[in-house]
Each structure stands twice: as structure tokens, then as C-alpha cells.
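Chains as they are written, first to last, in this note's numbering: chain A, 1 to 110; chain B, 1001 to 1113. Notes to accompany the following structure.
Pasting the structure below:
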């Protein structure tokens, strides 16, 4: 699976959009981009995933660049409860394993 | 949907004893479940992949005789830490696959004294 690069930390004001970047320059055509988050002392929570089209669900939006070498997770109106470590993971279609990197610690400030 | 539970949520045991952790998919069947371990201030590390009705596949460096995994049904996998020692103290997290997506349990915190 391709390696991802994320900033170690980010801050965001409550109520504003949080835009979390992820680089995956070696991604292959059959690899999906997954986003999970882990709130302190809890198991990871699935957020969203995509292949090449932008995706949106009730939690977030995922924007994947046309060359698929990077993506951005958008939390449209961040709340204090969105403070967590966010993991961007690339995984081959049909593959089973998820390889977690260090992720981005997002802190939402009041 | 896609709820995964773990039991217990935390456990304290004496060195040398064995501890069993259960992972259940509550509203879906999971052919494949995974066990991860997370030490403080570190990321999740995959320990093993378990498939219903067959032997688990362990990651390099994980002792299969120490971490016994059983996946007896499509909704239950168990991890038994045998002869636990203080260095086994960690946060153990399971996940279950539904389609292409893995859903995680809340984790079990193990403290070995």
C-alpha cells in the first residue's frame, strides 16, 4: 500500500471548516483513500473513503486531486468534539490490511 | 449500523495470568476481523488478521503462542494474552470488515502488574 504524509498537528477554531491535507504521491490506480479518526482513548472511527471522485457524507467531505497524489478531508463546521488524531490511509481495492501512520492531531479551539 | 463491541473495556491482572478479550460485530457478519495494539503516544500496530473458521495470520514479530486468536463465528473473535507480563500492558483494539471498510471496537486497556 502507498505511503501517506500528513502534518503532525493542526488547529482550528470552533465553527470554522477544518481542512486536513494528505499526500499520497505513490498511490496506484486501484488504491482507495480512507480517513479515520481516533478520539483520545477510543477506537478509531471510520469517516469516509474514495477512489478518485470527491465524496461527501454526514461527517465530512473528501476532495481528491485529479492526479490522485493528494487529498483533503474537510470538516465543514468543526466542533470541540472533533478534536482527535486523523489518519489518512491508502489501501488497495480488495485488500484487507490498514496501515496506520502517525496521523494529524487536530485541536479545535473554542 | 456497523457497530463493533469489545469486552472488557479495561482489565488489570497479575503477571503470569491469562486474559481473554472479546470482539463482536453487533449488526453485521464479519468474515475477517483484525487485532491491533497501541502503546502510549504511538499509532496502531496490526497484530493479526483472523478469518472465520481458519487460523489467524500474525504479523512479523507477534508471537502466535502468546496471543491466541479464535474466530469461531461470523460475529465473534477472541484474543487471549497468555502468561501476561507488564510489557504486554497496552490498548488492544479489534476491527471487523464489512465490505471494503473496517469498523473498530472501542478498545480494551490491559494493565499487567
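A virtual CB, placed ideally from N, CA and C, is assigned to each residue, including glycine.
From residue i to residue j, what does the alpha carbon distance come to, in whole angstroms?
i: residue 33 of chain A; j: residue 6 of chain A; result: 13 angstroms
i: residue 79 of chain A; j: residue 38 of chain A; result: 15 angstroms
i: residue 1090 of chain B; j: residue 54 of chain A; result: 37 angstroms
i: residue 103 of chain A; j: residue 74 of chain A; result: 15 angstroms
i: residue 1064 of chain B; j: residue 1058 of chain B; result: 7 angstroms
i: residue 1042 of chain B; j: residue 86 of chain A; result: 13 angstroms
i: residue 1024 of chain B; j: residue 44 of chain A; result: 16 angstroms
i: residue 1108 of chain B; j: residue 1096 of chain B; result: 15 angstroms
i: residue 1055 of chain B; j: residue 110 of chain A; result: 49 angstroms
i: residue 77 of chain A; j: residue 56 of chain A; result: 14 angstroms
i: residue 60 of chain A; j: residue 48 of chain A; result: 7 angstroms
i: residue 97 of chain A; j: residue 1045 of chain B; result: 11 angstroms
Would a check of beta-carbon distances place residue i closer than 9 angstroms to chain A?
i: residue 1091 of chain B; result: yes
i: residue 1106 of chain B; result: yes
i: residue 1045 of chain B; result: yes
i: residue 1049 of chain B; result: yes
i: residue 1100 of chain B; result: yes
i: residue 1072 of chain B; result: no
i: residue 1019 of chain B; result: no
Whose CA, out of the options, lies closest to the CA of residue i?
i: residue 30 of chain A; options: A:52, A:76 and A:78; result: A:52
i: residue 63 of chain A; options: A:21, A:99, A:110 and A:94; result: A:21
i: residue 1113 of chain B; options: B:1102, B:1045 and B:1015; result: B:1015
i: residue 1082 of chain B; options: B:1019, B:1061 and B:1039; result: B:1019
i: residue 3 of chain A; options: A:90, A:58, A:95 and A:97; result: A:90
i: residue 1111 of chain B; options: B:1043, B:1041 and B:1092; result: B:1092
i: residue 1066 of chain B; options: B:1103, B:1017 and B:1054; result: B:1017
i: residue 70 of chain A; options: A:23, A:18 and A:8; result: A:23
i: residue 84 of chain A; options: A:95, A:97 and A:105; result: A:105
i: residue 1100 of chain B; options: A:50, A:26 and A:61; result: A:50
i: residue 1037 of chain B; options: B:1029, B:1048, B:1027 and B:1028; result: B:1048
i: residue 1094 of chain B; options: B:1013, B:1021 and B:1010; result: B:1021
i: residue 1085 of chain B; options: B:1012, B:1004 and B:1050; result: B:1012
Indicate the three-state DSSP secondary structure (helix, strand or coil) for residue i in the structure shown.
i: residue 82 of chain A; result: helix
i: residue 1052 of chain B; result: coil
i: residue 193 of chain A; result: Nothing can be reported for residue 193 of chain A, as the shown portion of chain A is limited to 1 through 110.
i: residue 115 of chain A; result: Lying before the first or after the last residue shown, residue 115 of chain A is absent from chain A, which here runs from 1 to 110.
i: residue 67 of chain A; result: coil
i: residue 93 of chain A; result: coil
i: residue 1065 of chain B; result: coil
i: residue 1088 of chain B; result: helix
i: residue 1070 of chain B; result: strand
i: residue 1019 of chain B; result: strand
i: residue 1029 of chain B; result: coil
Between residue i and chain B, is any beta-carbon pair separated by less than 9 angstroms?
i: residue 83 of chain A; result: no
i: residue 103 of chain A; result: yes
i: residue 68 of chain A; result: no
i: residue 98 of chain A; result: yes
i: residue 86 of chain A; result: no
i: residue 38 of chain A; result: yes
i: residue 44 of chain A; result: yes
i: residue 49 of chain A; result: yes
i: residue 94 of chain A; result: yes
Contact between the region 1063 to 1075 of chain B and the region 9 to 28 of chain A (3+ Cβ pairs under 8 angstroms) = no
Answer yes if the region 1028 to 1035 of chain B comes into contact with the region 1075 to 1094 of chain B, meaning at least three C-beta pairs across the two stretches below 8 angstroms, and no otherwise.
-> yes
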